[in-house]
Amino acid sequence: MIKKYFDNLSIGAKIVAISATLSVVFLGSSFAYILGVSRNDLISLNVDLLEYELSSEDDVIRVTTKDIEKSLLAISETPPFQGIIRANKNNGYDVEGGSSYEQWKQRLETIFISQMKSTNNYMQLRYIDENGKEMVRVDEVGSEFLPVSEENLQDKSDRDYFKSSINLGYQNIYVSKTELNREGNPPVISQPYIGVTRYSTPVIDETTNETKGILIANVKFDSIIKDNDFTAYDNAETYVVNQEGFYMLHDDFSKRWGGPSDLNTGENIFLDYPMLKEVVADSVRGSKILEDNIFAYSWVDLGNIYKSEKWLIVVRMPSNLIFESINKATLLTIMFGLSTLIVLFFVYLFSIKKLLRPLKDLTEGAEIVGKGIFDKKLNTTSKDEIGKVAIAFNKMTERLRGLYSTLDKRVKKRTQELNNEKNKMETILESIGDGVFVIDKNRNIILFNHTSSNLTGYRKEEVLNKKYNDVLKFVDAESKTENYEFIENVFKEGKVCSMPQNTNLIMKNGAEISVADSAAPLKDKKGKLIGVVVVFRDVSVERQIDKAKTEFVSLASHQLRTPLTAIKWDTEMLYESTKHLLNPDQIELINDVLFSNQRMIDLVNSLLNVSRIDLGNFSINPEECDIEEIAEGVLSDIRKQIVDKSIKISKNYSDKLVRINADKNLLRIIIQNLLTNAVKYTKVGGHVWIDLSMENNKYIIRVRDNGIGIPERQKYKIFKKLFRADNVISLDTDGNGLGLYLVKSIIEQIGGKISFESIENEGTTFVVELPKTGMKRRDGTRKLD
Ligand code: ADP
351 MIKKYFDNLS IGAKIVAISA TLSVVFLGSS FAYILGVSRN DLISLNVDLL
401 EYELSSEDDV IRVTTKDIEK SLLAISETPP FQGIIRANKN NGYDVEGGSS
451 YEQWKQRLET IFISQMKSTN NYMQLRYIDE NGKEMVRVDE VGSEFLPVSE
501 ENLQDKSDRD YFKSSINLGY QNIYVSKTEL NREGNPPVIS QPYIGVTRYS
551 TPVIDETTNE TKGILIANVK FDSIIKDNDF TAYDNAETYV VNQEGFYMLH
601 DDFSKRWGGP SDLNTGENIF LDYPMLKEVV ADSVRGSKIL EDNIFAYSWV
651 DLGNIYKSEK WLIVVRMPSN LIFESINKAT LLTIMFGLST LIVLFFVYLF
701 SIKKLLRPLK DLTEGAEIVG KGIFDKKLNT TSKDEIGKVA IAFNKMTERL
751 RGLYSTLDKR VKKRTQELNN EKNKMETILE SIGDGVFVID KNRNIILFNH
801 TSSNLTGYRK EEVLNKKYND VLKFVDAESK TENYEFIENV FKEGKVCSMP
851 QNTNLIMKNG AEISVADSAA PLKDKKGKLI GVVVVFRDVS VERQIDKAKT
901 EFVSLASHQL RTPLTAIKWD TEMLYESTKH LLNPDQIELI NDVLFSNQRM
951 IDLVNSLLNV SRIDLGNFSI NPEECDIEEI AEGVLSDIRK QIVDKSIKIS
1001 KNYSDKLVRI NADKNLLRII IQNLLTNAVK YTKVGGHVWI DLSMENNKYI
1051 IRVRDNGIGI PERQKYKIFK KLFRADNVIS LDTDGNGLGL YLVKSIIEQI
1101 GGKISFESIE NEGTTFVVEL PKTGMKRRDG TRKLD
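All residue numbers for the sequence shown refer to my numbering, where the first residue is 351 and numbers rise by one.
Printed below as a string of structure tokens:
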């Protein structure tokens, strides 16, 4: 389907189609690749960004807590602690430092206050002795830092932070869980919420190395995690959660401090993003794309040895924000691609049109040349392949022009020659004294010579390309029935056919002339029949002379018959009355007279019959008769000859033979002639066969002998009047050569056929076919004898 459509396109359209397809594929795949790559890049870029954000936040926490730890240890190393320890050991006075317990206490309070002021990390600094009793304490109250009076100092020996840190040892720091600050007794969560993480470290007696209490600082969560530090990246949110996942830092304040030990809101990062729990359990640091978010996370351990507190920092960015920008980029890319394609398309179109212009000229030129006009010259300046083709085209048309004019001259010359030839032929044909016309296979007249015009009265133009039998009427002279069989037989058999005797031609003016001659096949070089040539001439004069001759013969024979019959009778009577007086020689003489007279009678009878046939005035009187009976009659008539020559006769009369409607006399003449000849021309002791049968709805009379046969070279003359073959003349003088002529004439006139086969010295077979309908009645002036 696509192929068929493609095949129908012009070259230009094909090139545009191919280029456009290639461009689409190339641009499409490039864009797809670029988009794929940029998509991944964008994601990893964002992940990097988040990780970077995270690490900076992570750093802030680590640095801050490190600072806190350092300052705590530094505070614990300050002299007042050892002064207080020494004073406590020596009833409230430190001999070494020269100061009382109270003085050292005040100095420590001063250090606490200055530390709290300078760092702003602490909301409370305390020294608790080894029994859990608060010894020195400074609280942040509003914007001030106030030492707590003696009576307000409390026993904290039951607190976790005390128990956990009292035995830690030198320079170790304990960090408590981060919780909301509580005030009062019983403690109540103070408002506004303040997240607090306790840092504590043991206080060691430098002289005994005994632990003499702890230094503990309540560090404000806000001082470690400052909101502003955690909003560096616009699209990301940072959370800080404790080990259980409860938020301590969240943009939404209502979600903060949801731990069960505090407000118990239940807000928890692992509830909001359930899959995160497993992810963060795996490693200390990392990033992960989960469903619609990109996460970067990091665990922070607080404290330097007793790592009781761990925070999880999570930076989250909704991935749809990234994809939105990717989609925007995709749309832009596609639009850019499409506009590039459109521009490319027009560029292709324009350049291909320009490129193919010479090709189009070439096509048009070829079409013009195809119409036989060779003047077309292509103007081309291009030096490419098409330009070369155009130059070749111009050369070709030039050559064609030359060839064409030579060819034209040759054709004209040849035509002239052919015309001369034709004129010659026509002149010959026109000057022939016989009428000649030619018909094609469709029976149309295609040639009609001058004599034909003279004989028929039709001008050439009146008959050419007309059906021959529509204009030219060949009829039987007697019956006037039209007869074209001799022409049609040529079409059927491809052999020369003679015009039947007594054929007349009806002229244009209605007059009749007697014509004769033949029709012959016209064949092409391969021997294929392409028409028929009919030659005819006016034989009216010959026929009149013939007729006069025949009439004379008829008259003469008739006149001869009477005296010959008289001689026969008289001689017989003379012989009968005088035979007892005659000697054998005289008897032989009389017999010779009788024999010769009989020959004369036979000859005269034959001549009479022939003349009657030629004049065409004999009658035909059909009646129901039996051919077998007639044959038997003839056999008995010639019995004497059969016996004399000891001829064996074989008869074969078919059962299927039915009676025939025929003129008995004519049938007898046919059978008698054939049988007489067979006996006559067969040597003594020979064999003659007579078969009567019905074949293909025809009566068949077949007479065969094993006699002397007919010489090959004379066969064609066998049915001619008065013809006798060479081999019989010496053998038998008793013949006149009229028998077969008579037989053939009768058979033709009653619509039958006669044929023969013969081999000299082997024998002869004559076959007569009579139509099943028998003979048609004809009234005539005479009968045949
Ligand atoms: P005729 O027998 O009187 O000579 P036909 O007209 O009967 O005349 O025969 C013509 C010629 O045909 C004969 O002279 C003979 O040469 C030849 N012919 C006819 N019939 C036979 C035959 N059966 N065998 C050999 N030749 C024959």
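Ideal Cβ positions, reconstructed from N, Cα and C, are used throughout, including at glycine.
Remember, predicted model here, so these are calculated numbers, not experimental data.
Which residues DSSP lists as bridging Gln-474, in chain order: For Gln-474, which the question treats as bridged, DSSP gives the partners Asp-489 and Asn-568.
As assigned by DSSP and simplified to three states, the class of Val-825: Reduced to three states, the DSSP call for Val-825 is strand.
For Tyr-549 and Ser-388, the rounded distance between their alpha carbons: Each residue's alpha carbon lies about 48 angstroms from the other.
First and last residue of the uninterrupted beta strand (DSSP E) at His-908: Per DSSP, His-908 lies in no beta strand (DSSP E); the unbroken alpha helix (DSSP H) holding it starts and ends at 890-928.
heavy atom of the ligand ADP below 7 angstroms from Leu-1090 C-beta: Yes - the ligand ADP has a heavy atom lying nearer than 7 angstroms to the Cβ of Leu-1090.
Rounded Cβ spacing between Leu-458 and Tyr-477 (contact assumed at less than 8 angstroms): Right, their Cβ atoms sit about 6 angstroms apart.
Closer than 7 angstroms: Tyr-1031 CB and nearest the ligand ADP heavy atom: Remark: the C-beta of Tyr-1031 is in contact range of the ligand ADP, defined as less than 7 angstroms to any heavy atom.
The segment 988-1000 touching the segment 1030-1041, judged by at least three CB pairs closer than 8 angstroms: Because the criterion of three Cβ pairs below 8 angstroms is met, the segment 988-1000 and the segment 1030-1041 touch.
Ile-1058: CB within 7 angstroms of a non-hydrogen atom of the ligand ADP: Taking 7 angstroms as the cut-off, one finds at least one heavy atom of the ligand ADP near enough to the beta carbon of Ile-1058.
Local conformation of Asn-440 per DSSP, three classes: Three-state result, Asn-440: coil.
Trp-607, enclosing alpha helix (DSSP H) - first and last residue: Trp-607 -> no alpha helix (DSSP H), and no H or E assigned at all.
Neighbour-count burial assignment, Leu-395, 16 or more Cβ in a 10 Å radius: Burial call: exposed.
Own chain residues within Cβ distance below 6 angstroms of Arg-751, not counting five before or after: Within the same chain, Arg-751 has close Cβ partners Phe-724.
Rounded distance between the beta-carbons of Phe-686 and Ala-370, thought under 8 angstroms: The Cβ separation is near 17 angstroms, so there is no contact.
Exposure label - Arg-1127; buried when at least 16 CB within 10 Å: When all chains shown are included, Arg-1127 counts as exposed.
Whole-number beta carbon distance between Thr-528 and Thr-551, since they are thought to touch under 8 angstroms: Contact between Thr-551 and Thr-528 does not hold, since the beta-carbon distance rounds to 18 angstroms and is not under 8 angstroms.
8 angstroms Cβ cutoff met for Asp-1055 and Gly-1113: Contact: yes.
Chain-order list of residues whose beta-carbon lies under 6 angstroms from that of Pro-568 (same chain, five-residue window excluded): Reading off the sequence shown, one finds Asn at residue 568, where the question assumed Pro. Taking C-beta separations shorter than 6 angstroms and ignoring five residues to either side along the sequence, the partners of Asn-568 in its chain run Met-473, Gln-474, Val-546 and Arg-548, following chain order.
Opening and closing residue of the alpha helix (DSSP H) in which Met-598 lies: In the DSSP annotation of this structure, Met-598 is not part of any alpha helix (DSSP H); the continuous beta strand (DSSP E) holding it starts and ends at 597-599.
Beta-carbon spacing of Val-954, Asn-1023 below 8 angstroms: Contact: no.
Within 8 angstroms, strictly: CB atoms of Gly-785 and Arg-893: No, they are not a contact pair.
Where the alpha helix (DSSP H) through Thr-558 begins and ends: First-last for Thr-558: undefined, no H or E at that position.
Integer-rounded CB distance, given that Ile-980 should sit under 8 angstroms from Lys-1199: The shown model of the chain, from 351 to 1135, leaves out residue 1199, and the question about it has no answer.
Distance CB(Tyr-511)-CB(Ser-526) smaller than 8 angstroms: Yes, they are a contact pair.
8 angstroms Cβ cutoff met for Leu-691 and Val-374: In this structure, Leu-691 places its C-beta atom within 8 angstroms of the C-beta atom of Val-374.
Under 8 angstroms between C-beta atoms of Lys-842 and Pro-871: Against a cut-off of 8 angstroms, the Cβ pair of Pro-871 and Lys-842 comes out as no contact.
Chain-order list of residues whose beta-carbon lies under 6 angstroms from that of Lys-483 (same chain, five-residue window excluded): Excluding residues within five positions, the ones whose Cβ falls inside 6 angstroms are Asp-505.
C-alpha distance - Asp-651 paired with Arg-509, whole-angstrom precision: Distance between the alpha carbons of Asp-651 and Arg-509: 22 angstroms.
Check: Val-984 C-beta below 7 angstroms from any heavy atom of the ligand ADP: Relative to the non-hydrogen atoms of the ligand ADP, the Cβ of Val-984 never comes closer than 7 angstroms to any of them.
Thr-806: CB within 7 angstroms of a non-hydrogen atom of the ligand ADP: Relative to the ligand ADP, even the nearest heavy atom lies 7 angstroms or more away from the CB of Thr-806.
Sub-8 angstroms separation of Ile-574 and Ile-425 beta-carbons: Inclusion of Ile-574 and Ile-425 in the CB contact set at 8 angstroms is not warranted, their separation being larger than that value.
Member of Gly-1101, Leu-1081, Ser-1080 and Ala-1075 whose CA lies at the smallest distance from the CA of Gly-1089: Of the candidates Gly-1101, Leu-1081, Ser-1080 and Ala-1075, the one whose C-alpha sits nearest the C-alpha of Gly-1089 is Ala-1075.
Cβ pair count under 8 angstroms reaching 3, the segment 898-905 against the segment 803-818: Short answer: they don't touch.
Identified DSSP bridge partners for Trp-649: In the DSSP output, where bridge partners are listed per residue, Trp-649 has Leu-662.
Cβ separation of Ala-1012 and Met-1125, assumed to be a contact under 8 angstroms, to the nearest whole Å: About 5 angstroms separates the Cβ atoms of Ala-1012 and Met-1125, confirming a contact at the 8 angstroms cut-off.
Pick from Lys-823, Ala-866 and Val-883 that is closest to Phe-798, judged by C-alpha positions: Of the listed residues, the one whose Cα sits closest to Phe-798 is Val-883.
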